[in-house]
Amino acid sequence: MGKRGGAKRRSTKDLPPVSRQYILNLIKKVDSLHYDDFWKKWVKALIALLYLSGRRISEIIGRKYPERGQPIDIYEGVKMEDFEIVSVAGRRVLKMHCRILKKGRLKIVCPRCGMLNAKENQFCSKCGLELAPLNLQEIEKGGIRQVWADIHMRLDDPLIDYVLDWLKYLKSIGHKGRVFPITTRQRAWQIMKEIDPNIWNHWFRHQRFTHISEVMDPYELKEFAHWETIEPAVAYVHRSPRRILEKIERADKIWEE
Numbered sequence: 044m045g046k047r048g049g050a051k052r053r054s055t056k057d058l059p060p061v062s063r064q065y066i067l068n069l070i071k072k073v074d075s076l077h078y079d080d081f082w083k084k085w086v087k088a089l090i091a092l093l094y095l096s097g098r099r100i101s102e103i104i105g106r107k108y109p110e111r112g113q114p115i116d117i118y119e120g121v122k123m124e125d126f127e128i129v130s131v132a133g134r135r136v137l138k139m140h141c142r143i144l145k146k147g148r149l150k151i152v153c154p155r156c157g158m159l160n161a162k163e164n165q166f167c168s169k170c171g172l173e174l175a176p177l178n179l180q181e182i183e184k185g186g187i188r189q190v191w192a193d194i195h196m197r198l199d200d201p202l203i204d205y206v207l208d209w210l211k212y213l214k215s216i217g218h219k220g221r222v223f224p225i226t227t228r229q230r231a232w233q234i235m236k237e238i239d240p241n242i243w244n245h246w247f248r249h250q251r252f253t254h255i256s257e258v259m260d261p262y263e264l265k266e267f268a269h270w271e272t273i274e275p276a277v278a279y280v281h282r283s284p285r286r287i288l289e290k291i292e293r294a295d296k297i298w299e300e
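Positions 44 to 300 (my numbering) are the ones given, in order, by the sequence shown.
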């Protein structure tokens, strides 16, 4: 089955994981930047929230989405009212109600068997019939949609203190609206690269998923990440070096005699 070409995404397959202490050290490095106290609090809270929530920076900061060549100012990030301390299974957690933009997903209907195929497919995945390509007008009709996700973060996690301190500060000055005001997500990544040049767009998200995939099964990871399909979660869970080595050791013991 053929696929039409598209933009290449950076692979995370061979990206080595870092420890949680590494994340904490990044936050400590913020104090060495030439920023005032406001910006230092801002950056520390953003680092902690990106890692703990596993969300994309555009979902935290906010963004404009291009539609038919024109930017649509749909706020995608988090606001003050999106944070609340709640109880989950008897434990107090910080809940973040997160707005997420997703691209509309167009499907090509096979005229022979009626199968719904991804728009990139050249041939029907069921009967193999060659499919007519979607034109630009049809692709534009896919539009965008806005969904919501509730992210729960433990209050006993050392990283959450940086988020709580920032929210407390904003509340003390009477701030309402965006939790990370003033800048854009592009500028936010520039600041991150000043701290560590090896950080890239989904670096914190990838580290978080790598860490929790050590104990979660694919279905649990899919639920946490709010993926629409399970394939990304399967890839994270089943490429764990620790799990592979442990199972090799177990297999060797079975076949010792």
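A virtual CB, placed ideally from N, CA and C, is assigned to each residue, including glycine.
Look up residue i in the DSSP assignment and give the residues it is bridged to.
{"i": "N241", "result": "Paired residue(s): none; N241 is not in a bridge."}
{"i": "R134", "result": "V131"}
{"i": "K211", "result": "None, per the DSSP bridge assignment."}
{"i": "L159", "result": "V152"}
{"i": "D193", "result": "H140"}
{"i": "R285", "result": "DSSP output for R285 lists no bridge partner at all."}
{"i": "R221", "result": "K122"}
{"i": "E173", "result": "F166"}
Just to confirm before moving on: does the CB-CB distance between residue i and residue j stay below 8 Å?
{"i": "R99", "j": "H245", "result": "yes"}
{"i": "D74", "j": "K83", "result": "yes"}
{"i": "R221", "j": "G105", "result": "yes"}
{"i": "F166", "j": "L159", "result": "no"}
{"i": "I143", "j": "V190", "result": "yes"}
{"i": "L76", "j": "E271", "result": "no"}
{"i": "I203", "j": "L288", "result": "no"}
{"i": "C170", "j": "C156", "result": "yes"}
{"i": "W243", "j": "A88", "result": "no"}
{"i": "F267", "j": "I103", "result": "no"}
{"i": "A278", "j": "K265", "result": "no"}
Rounded to whole angstroms, what is the Cα-Cα separation between residue i and residue j?
{"i": "K290", "j": "K296", "result": "10 Å"}
{"i": "K122", "j": "V280", "result": "32 Å"}
{"i": "V131", "j": "I234", "result": "34 Å"}
{"i": "H254", "j": "V129", "result": "24 Å"}
{"i": "W298", "j": "D260", "result": "27 Å"}
{"i": "I90", "j": "K219", "result": "21 Å"}
{"i": "P284", "j": "S215", "result": "46 Å"}
{"i": "T227", "j": "E263", "result": "32 Å"}
{"i": "N68", "j": "P176", "result": "49 Å"}
{"i": "S256", "j": "V61", "result": "14 Å"}
{"i": "A294", "j": "V152", "result": "46 Å"}
{"i": "H249", "j": "S168", "result": "30 Å"}
{"i": "E127", "j": "R135", "result": "10 Å"}
{"i": "E292", "j": "E163", "result": "42 Å"}
{"i": "D124", "j": "V86", "result": "The amino acid occupying residue 124 in the given sequence is Glu; Asp does not appear at that position. Their Cα atoms are separated by approximately 20 Å."}
{"i": "K72", "j": "K150", "result": "47 Å"}
{"i": "W232", "j": "P201", "result": "23 Å"}
{"i": "R286", "j": "A192", "result": "29 Å"}
{"i": "L92", "j": "N241", "result": "19 Å"}
{"i": "I70", "j": "D239", "result": "11 Å"}
{"i": "S101", "j": "F81", "result": "21 Å"}
{"i": "F252", "j": "R282", "result": "12 Å"}
{"i": "P313", "j": "F247", "result": "Outside the displayed range of the chain (44 to 300) lies residue 313, so it cannot be described from this structure."}
{"i": "I66", "j": "A161", "result": "38 Å"}
{"i": "R63", "j": "P154", "result": "52 Å"}
{"i": "I225", "j": "K211", "result": "18 Å"}
Which two residues bound the contiguous alpha helix (DSSP H) that contains residue i?
{"i": "V152", "result": "No alpha helix (DSSP H) contains V152, which is instead part of the beta strand (DSSP E) from 150 to 152."}
{"i": "D79", "result": "Note, D79: premise wrong, no alpha helix (DSSP H); not H, not E."}
{"i": "R99", "result": "Careful: R99 lies outside any alpha helix (DSSP H) and carries neither H nor E."}
{"i": "K72", "result": "63 to 72"}
{"i": "I255", "result": "246 to 255"}
{"i": "E266", "result": "261 to 268"}
The stretch 191 to 206 in contact with the stretch 88 to 103 per 3-pair CB rule at 8 Å: yes
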